[in-house]
Structure formats: structure tokens, C-alpha cells
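> Mind looking over this structure? Questions follow.
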Amino acid sequence: MSMKVIFTWWNRQTLGTFLKTLFTGTFVGKDKFGNKYYKSNYTSRWDNANNLLSELEGAHLATITSQEENDFLASVAGVSVWIGLNDFEESRVWRWVTGEDLVYTNWAENEPNNTNERVVEFRSDGKWNDLSANVRLPFIVEIGGGPISVSLEEA
Numbered sequence: 679m680s681m682k683v684i685f686t687w688w689n690r691q692t693l694g695t696f697l698k699t700l701f702t703g704t705f706v707g708k709d710k711f712g713n714k715y716y717k718s719n720y721t722s723r724w725d726n727a728n729n730l731l732s733e734l735e736g737a738h739l740a741t742i743t744s745q746e747e748n749d750f751l752a753s754v755a756g757v758s759v760w761i762g763l764n765d766f767e768e769s770r771v772w773r774w775v776t777g778e779d780l781v782y783t784n785w786a787e788n789e790p791n792n793t794n795e796r797v798v799e800f801r802s803d804g805k806w807n808d809l810s811a812n813v814r815l816p817f818i819v820e821i822g823g824g825p826i827s828v829s830l831e832e833a
């Protein structure tokens, strides 16, 4: 049975109002540290996905810090997806959206190869490719905590 997960996060804004953001995705698993992973049910440009998630406490485009984590995501992604690696601050200096250290990489052969491609596609085989942020792909969300309400609907 496939399940569709609908998340609703509430973020407090400075004027005391609440901003409601809706994201739909499918739960794909949990790692040994308790982080949960979801794959979006739609495609998006990298910057739109990142901007959406930057507004949601505890959620971000997936960061990959080990071969084990990379292998897990390759086993559940099924298609090419966005992850949270980019070189917007400085060309060819790759950084995670969370600011954590880049301690592991899994670039495909001859990648990264283009200074105009500033974000990273995680291919279905687990290899990484630098790509234009204008391409539309599904994306992997990593959630480490924060206020979240989840409702499940049969798909």
C-alpha cells in the first residue's frame, strides 16, 4: 500500500501571525540518528525547493555525510533528485545548505564539470552530478526535528 504524506508546518513570524506552508511527499525511511527522509511528490527547481524548506524548522534538502547514507538514499530515490549541495557562495567550493562540513562525496566520473552548474543532482544510481538550478526534479527532504504535523492518506 502506498501512502501519501502531507506535512503542515507552522512558523511564527515577527508580527505574531502564522505562515502555513504545505509540502507533499512520501516517507522513504529513517536513519540510525533518527533523521527522517521524504521524497517530494512533484518536481521543482532547486532554489524553489531550498527556499520552501528554509522556511520550515527542522527540514532541509538532504545532506549526505557517509557512504552508508548515500547507499540508503540510492536505494529509495528511484529517480534523479535534488540534494542540498551547491557552490553559490564560491564557484567549485561545494557547501551543504545546513553549513555542515563536506566530509563525503560521490561524484560521477568527470563531475563536477561545469562552472555554470551550481547545484547537485543525486542520480538514481547514487552518483552526484552538478546541474543547472533551472532544471525541475523531485527532491529529498531530511527532517531532524521541529514542529510538524503529519497526516497520512492512502494514495
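For the sequence shown, the numbering used here gives the first residue as 679, with consecutive numbering after it.
Ideal Cβ positions, reconstructed from N, Cα and C, are used throughout, including at glycine.
(1) Quick one: what does DSSP say Leu730 is sitting in, helix, strand or coil?
(2) Under three-state DSSP, which class holds Ser802?
(3) Let me check one thing: in DSSP terms, what residues is Ser769 bridge-paired to?
(4) Assuming Asp749 contacts Gly804 under a Cβ cut-off of 8 Å, what Cβ separation, rounded to an integer in Å, is found between them?
(5) May I ask you to report which of helix, strand or coil DSSP gives Phe817?
(6) Quick one: what does DSSP say Asp779 is sitting in, helix, strand or coil?
(7) With Val755 as the anchor, note down where its alpha helix (DSSP H) starts and where it stops.
(8) Reducing DSSP to helix, strand and coil, say where Asp709 ends up.
(9) By alpha-carbon positions, which one of Asn719, Asn713, Glu795 and Ala811 ends up nearest to Gly756?
(10) If I measure Cβ to Cβ from Asn784 and keep anything under 7 Å in the same chain, skipping five residues before and after, which residues do I get?
(11) Which residues bound the beta strand (DSSP E) around Tyr716?
(12) When burial is assigned at 16 or more other CB atoms within 10 Å of the CB, is Lys710 buried or exposed?
(13) Would a C-beta distance cut-off of 7 Å place Ala740 and Ile821 closer than the cut-off?
(14) Measure the beta-carbon distance from Gly703 to Val819 and round it to whole angstroms, keeping in mind my assumption that it falls under 8 Å.
So, from the data block:
(1) Annotated three-state conformation of Leu730 is helix, per DSSP.
(2) In the structure shown, the three-state DSSP call for Ser802 is coil.
(3) BP columns for Ser769 are empty, so no partner.
(4) That pair is a contact at about 6 Å.
(5) Of the three classes helix, strand and coil, the one that applies to Phe817 here is strand, per DSSP.
(6) Three-state DSSP puts Asp779 in coil, outside helix and strand.
(7) Checking the sequence shown, residue 755 turns out to be Ala, not Val. Segment Gln745 to Ala755, the alpha helix (DSSP H) holding Ala755.
(8) Note: Asp709 maps to coil in three-state DSSP.
(9) The residue with the shortest Cα to Cα distance from Gly756 is Asn719.
(10) Here the set comprises Asn748, Gly804, Lys805 and Trp806.
(11) In the DSSP assignment, Tyr716 falls within the unbroken beta strand (DSSP E) covering Lys714 to Ser718.
(12) Classification of Lys710: exposed, given that the 10 Å Cβ count is below 16.
(13) No; because the gap between Cβ atoms is not below 7 Å, this pair is not in contact.
(14) The C-beta separation of Gly703 from Val819 comes to about 6 Å, placing the pair in contact by the 8 Å criterion.
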